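Below: the structure, in structure tokens.
In the numbering used here, the protein residues as written are 469 to 604.
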């Protein structure tokens, strides 16, 4: 079976932290940050009970809805992150529980910016080998 991306989704927290907000708490300024990174604001989760797994679960639910499938059809959940909720268990396992993917297993890939590419490759390999049919 040939692997394909069949749906995409996103979750962006509503709370904003601007460079001007950072100026108030650390020795920096908007111009310095913009010229070196291009960043003017970042979205943050202020709720201490929510973290990476929460955002991944929200995205997963959107994908399941778009595809018209249930969580029980998912075989594998891959999470590419350098900011896991905790060291153990893997954020992928937390997402599995949050969305009710009882037949799936999951793990995290910690590879910074290239993590998405690693996750995409690993997911495709599981599908194309015939081991799994649906990977988040």
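Using N, Cα and C, we set each Cβ at its ideal position, and we do this for glycine too. Being a predicted model, the structure only gives us computed values, none of them experimental.
Query - At least three beta-carbon pairs within less than 8 Å, the region 584-600 to the region 539-548 - result: Touching, yes, given that three or more Cβ pairs across the two stretches are closer than 8 Å.
Query - Other residues of its chain near residue 484: CB distance less than 8 Å, five sequence neighbours each side excluded - result: Once the five neighbours on either side are set aside, the close Cβ partners of residue 484 are 509, 510, 511, 512.
Query - Where residue 486 sits in the DSSP three-state scheme - result: Note: residue 486 maps to strand in three-state DSSP.
Query - Neighbour-count burial assignment, residue 532, 16 or more Cβ in a 10 Å radius - result: It is buried - the Cβ of residue 532 has at least 16 other Cβ atoms within 10 Å.
Query raised in the report: Of the residues 518, 542, 487, which one's Cα is nearest the Cα of residue 504?
Result: Out of 518, 542, 487, 487 has the C-alpha closest to the C-alpha of residue 504.
**Report entry** Own chain residues within Cβ distance below 7 Å of residue 563, not counting five before or after
**Finding:** Within the same chain, residue 563 has close Cβ partners 521, 524, 525, 528, 545, 547, 574.
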